[in-house]
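Novice: So in the working numbering, spot 67 of the sequence shown is number 197, and the numbers just go up one at a time. Just dropping this structure here.
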Amino acid sequence: MARVSSNAAVVAAQLEARAVAVPAAATAVVRHHAMILETAIRAAASGRPGPEVQSGDYRRSWGTEVRTVPGGVEAIVGTNKPQGPRLEYGFVGADSLGRVYNQPPFPHVGPAVDRVEPLFAAAMARLAEQVVSE
């Protein structure tokens, strides 16, 4: 007669312990990279080749909100200033007051996202590897 047993209870306990630690670690990674993104956007929104700084109000308007959502955590980096899209994408034509503009785009959000995104993906991959290898 052969007897077969497993350490399923031990493995399950280890997985449970890791599951408790992962959300806090993931939140820290998201928060850190959102702040890097906010800083990169602010820097790119500061003078040529980007938009000229008039008062610094637009640059200061950028903020970050990190929140828990079903299945994870998300960060929103944004501004409440209406000139954001106009500066990022440019504007050609008449505005609501009839003023005519031929404003070129000064991309500052897209390039910042392009720089930070691989850093964020690598940090999350390191976190996943750390969880699996513990």
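Even for Gly, the Cβ is constructed at its ideal location relative to N, Cα and C. Since we're looking at a predicted model, the values are computed, not measured.
Per the contact definition of three or more C-beta pairs closer than 8 Å, is the stretch 190-198 in contact with the stretch 220-236?
Specialist: Output reads no: the stretch 190-198 does not touch the stretch 220-236.
Novice: Using beta-carbon positions only, say whether residue 218 and residue 239 come within less than 7 Å of one another.
Specialist: Here residue 218 refers to the residue found at position 88 when the sequence shown is read from its first residue. Here residue 239 refers to the residue found at position 109 when the sequence shown is read from its first residue. Going by C-beta atoms, residue 218 is nearer than 7 Å to residue 239.
Novice: Mind reading off the beta-carbon distance from residue 174 to residue 215? Whole number of angstroms is fine, and I expect it under 8 Å.
Specialist: Indexing the sequence shown from 1 puts residue 174 at position 44. Indexing the sequence shown from 1 puts residue 215 at position 85. Wrong, their Cβ atoms sit about 15 Å apart, outside the cutoff.
Novice: Express the C-alpha separation of residue 206 and residue 152 in angstroms, rounding to a whole number.
Specialist: In the sequence shown, residue 152 corresponds to position 22, counting from 1. In the sequence shown, residue 206 corresponds to position 76, counting from 1. About 20 Å.
Novice: Specify the secondary structure class of residue 186 as computed by DSSP and reduced to three states.
Specialist: Here residue 186 corresponds to residue number 56 of the sequence shown, with the count starting at 1. Coil.
Novice: With DSSP run on the structure shown, which of helix, strand or coil describes residue 197?
Specialist: By one-based count along the sequence shown, residue 197 stands at place 67. Residue state, collapsed to three classes: strand.
Novice: If you pair each beta-carbon of the stretch 195-206 with each one of the stretch 149-166, do three or more pairs fall below 8 Å?
Specialist: Short answer: they touch.
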